[in-house]
Amino acid sequence: MRRSRMNVRSVFSGMVAVFIGLVAVVGATAQYTYDRLSVIEEFTSATCPPCVAASEALLETVKMSNGVVSVRYHMNYPAPNDPWNLDNPAEASARHTFYGVQGIPHGRLNGATTPVQNSAGMLAAIATDNAKKAPLKIEVTNVPNATGGDVTIKITSNIDLKSHKLYAAVVSRYAPWPGLSQSLPNSNGEEEFYDAMNKMLPSSAGTQLNINAQGNQTFNFSYTRKNAQTWPEGQQYVIAWVQSTTGTDVLQAGTNLDLVKAQASVAAPKWEYIARGAQKSKVITVTNDRDAAVDVEVGVENYDNLVAAGWGITSSETVMSIPAKSSREVTFTSTANNRAFLAGIIVTLKPLVTGKIPEITRIEYGYLTEDSKIAVYYGSTSGAAGNMIPALETTHGNDCAYMPFSQEILTAFPPTDFDAGIFPVGYDGRFNIVAFIPAIEAMSAAGKGVWMHAPMGIAVATNPGNQQYAGYPEANAWFTKLGLSLNGTQPVARNDGQYYTSFALAGVSGDPIGDKWGGTANQPTQQWPFAMPAQDLIKITGNTCISWAYADSKVANVSGVRCETGGAKIVYSSFGPEHMSSATVRKTLVQKVLDWLLKNDNAPKPEITFSSNTLNFGSVMVGSEKELSFTITNSGNADLVISSIELAGTDAVDFDITEGRNSVTVPAAGTHKVTVSFMPSTVKSTYNASVVVTANAGSNPVSLRGAGTVSSVETDVVSETGAISMRLNGENPIVDRSSIVLNASEKVTVTMIDALGRTVATLFNGIASGTETLEVNAANLVSGTYTIVASNGSERAMMTVMVTK
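Residue numbers for the sequence shown, in my numbering: 701 to 1505.
Take a look at the structure:
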């Protein structure tokens, strides 16, 4: 019996111990009862170019609906005179010192380093932090007065706060500064600023806390609003946060921010055609999702510019009252001008409120005037497209429309809708040439005119080291099809190591473009600051293209060619109008090029059109086979004689033409089917080849792309000197997420670029400490091929990955 009683006592003692342990766990959990608000502190400057990307990422990230607010400290570098730094340099510098910031942009989320150029990365970290709840609550009120505001901050805590400080900042939610990019030396181009720190309360030193568990304390502060653009009226609010004095951890944040914003949607289609001089109306639906009615001021942000261009814009209401939880419609009527023009109409909706901060909603729709014959695409380069505007005021001026090279615009107004397209690549945009090729191929296949000017287009597109990356094989194939290559082993220098060097350009005598044309390139002035550091000289093989311009007074230094293939006309030049400071020379050049591109030729001739210019087999398991087909159509008005259909390219042995390889004559409007199989022989991220169709309408390639995979692969790439290397771990194609191991020992930026050359994510931006592991999250990416680029400014490593969903 005694033995039995001892067992009972032992069991009972164990139960008591477990109970006490559970109480301790529950007690600790019960301390973290408050919903958490995260705070991002960013260090930035209006003179910091990389900070632009951070501003864009933060604009997507910092929202109350995401559970995060931000304080942005403006610094006096890389160049001085940032307006907010001039206004309050000491307090911005104090926080900079507190965190030991080494360079900007730099961000801290709840005290920990965060990638401020990567919205997805920040949002993931915010979600993780906010899921933990907080042991305290911070309540903030800000009562504006005639000179500034009176602030009350109340902290209620479940835990002792003896080794913590309260920090508080007055920030301006939105501060526009029109013209700052022109007036501020070394500006990064920004003219709209968010959450700029105006004043710390009571100072950047913060307030030491002495709060017992289950206690609370109230703090009162005041501030004086300066009469300056850095303190825009009605935009101030307060952010408070509690931070450890033994580290940098932030336990909780609070704010009085109450943003009032109207939601808006535009009736489809968002972009459409409009007859010249005609009127069309568009309905915008405005929604108030708040619990109280709100008045909304309606406007058009670019009204003055549209009116100056000859457009008329009216709205059915200028102020609309919207009941709580309701929607109303406002109608905008647009009257088009009488020339080619793409009018993007930016509607603004501003809530009219007091005691709260209004946030302007912007929504864009637009029209392209009918009979727009020439599209000038901008977006690749900072100078080339914009500076064609005066040059294009030729006899073709009324038919030229300036178009952003974006997927939205390309879908609404396909390049093949135009008679001619101008694609300014520029020197600074030389790596964007691959984005233009699909549109150029489509226009050429449709028998349209194309002019691309790119100082180093051939060198970049045909570089063997670039062929492993998305888009480069197609660009290389395009030049190969035209019979164009680099004359020499590299571009010629157009600088002496310190200054640009000017050089002569001349047209070929008797040529429809080149005759009696010439000028001097690389004479940049303060009024015309455009030049090229290097230039391709062009080698011509075959009879598709002929020279119309040459450089350095040497006919062999070909700088401009014109080509005719399959009914299409193509002009390619390794210089653009922007490289000549003479307005007359620029205008004459544009006139001659467009005259030739748009000249009608009514002689019967065949035209070859492919149902697809690229067969992308995607990922195929090694040892497996996949077939794809394309159709050749004779869209001309004479017989198309196909003499051969052959495979070419680095990986041609892994492809096979299984149907339609024979020579054949295709009558007008007739078709011919070709089937290709892909059988990867080994694991490889990119297989490149082409089907070359030789016919009496020219030699035309169809690009072949694929990947040989197993269930999981590692892909390694190294930069030129080995200073940077990357290794892809996990799946490729990426279905959900993967990771990259980056090896570097200096400042590196790692970006993810889509097939159109757009940066879709910044994976890393900072000083690499040997080995860094970077996450690739496919959640917000569409299926396709992407290029991951790691650059330290002087060299780079590039890796191609595929996303499949």
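A virtual CB, placed ideally from N, CA and C, is assigned to each residue, including glycine.
- The beta carbons of S1273 and H1153 sit about 5 angstroms from each other, so the pair counts as a contact at 8 angstroms.
- Unbroken beta strand (DSSP E) runs of no fewer than 3 residues, entirely contained in the stretch 1034 to 1113, are found at 1042 to 1052, 1061 to 1069, 1074 to 1078, 1100 to 1104, following chain order.
- In terms of Cα proximity to V816, the closest of P805, V1290, A824 is P805.
- Secondary structure note for P1138: its alpha helix (DSSP H) is the uninterrupted segment 1133 to 1145.
- Note that the C-beta distance between W931 and N898 is below 8 angstroms.
- Residue pairing by DSSP places E1472 opposite L1442 in a beta bridge.
- In the three-state scheme derived from DSSP, where H, G and I count as helix and E and B as strand, K837 is classed as strand.
- One thing to note: A790 has its Cβ no nearer than 8 angstroms to the Cβ of L866.
- Straight-line measurement puts the Cα of Q936 at about 30 angstroms from the Cα of T733.
- Taking 8 angstroms as the upper bound for CB-CB distance, L1049 and V1000 are not in contact here, some 11 angstroms apart.
- Considered as a whole, the stretch 933 to 972 harbours 936 to 944, 950 to 955, 963 to 966 as its complete beta strand (DSSP E) runs of no fewer than 3 residues, in chain order.
- According to DSSP, L901 shares a beta bridge with A868.
- If you draw a straight line from the Cα of H774 to the Cα of M1452, it is about 28 angstroms long.
- The stretch 957 to 975 makes contact with the stretch 1054 to 1063; the number of CB pairs closer than 8 angstroms reaches 3 or more.
- DSSP places R1194 outside any beta strand (DSSP E), giving it a letter other than H or E.
- When the Cα atoms are used, S1344 and N1396 turn out to be separated by approximately 11 angstroms.
- Counted as a single uninterrupted DSSP element, the stretch harbouring I804 is not any alpha helix (DSSP H), since DSSP gives it neither H nor E.
- DSSP places I1270 inside the beta strand (DSSP E), whose first and last residues are 1268 to 1273.
- In the three-state scheme derived from DSSP, where H, G and I count as helix and E and B as strand, T1288 is classed as helix.
- E890 carries a coil assignment under DSSP once its states are collapsed to helix, strand and coil.
- Under the DSSP definition of a beta bridge, M1020 partners with V996.
- When the alpha-carbon of S883 is set against those of V1364, P783, A1407, the nearest one is in P783.
- Going by C-alpha positions, S1390 is about 24 angstroms away from F1123.
- The residues D850, in chain order, have a CB closer than 6 angstroms to that of S922 in the same chain once the five nearest residues on each side in sequence are set aside.
- Here the C-alpha atom of E1475 lies approximately 15 angstroms from the C-alpha atom of M1502.
- Leaving aside the five residues that flank P1367 on each side, the residues in its chain whose CB is nearer than 7 angstroms to its CB run, in chain order, N1334, D1339.
- Of the candidates L959, A953, A1009, A968, A1009 places its Cα closest to the Cα of R976.
- By the Cβ criterion, the stretch 856 to 875 is not in contact with the stretch 975 to 994, since fewer than three pairs of Cβ atoms, one from each stretch, lie closer than 8 angstroms.
- DSSP places N988 within a strand segment (E or B) once states are collapsed to three.
- A Cβ-Cβ distance of about 17 angstroms is found for the pair V1383 and V1435, leaving them out of contact under the 8 angstroms criterion.
- Looking at the DSSP output, N1492 sits in no beta bridge, so it has no partner there.
- As a beta-bridge residue in DSSP terms, R772 pairs with E742, A896.
- Counting along the chain, the unbroken alpha helix (DSSP H) around K1181 starts and ends at 1172 to 1182.
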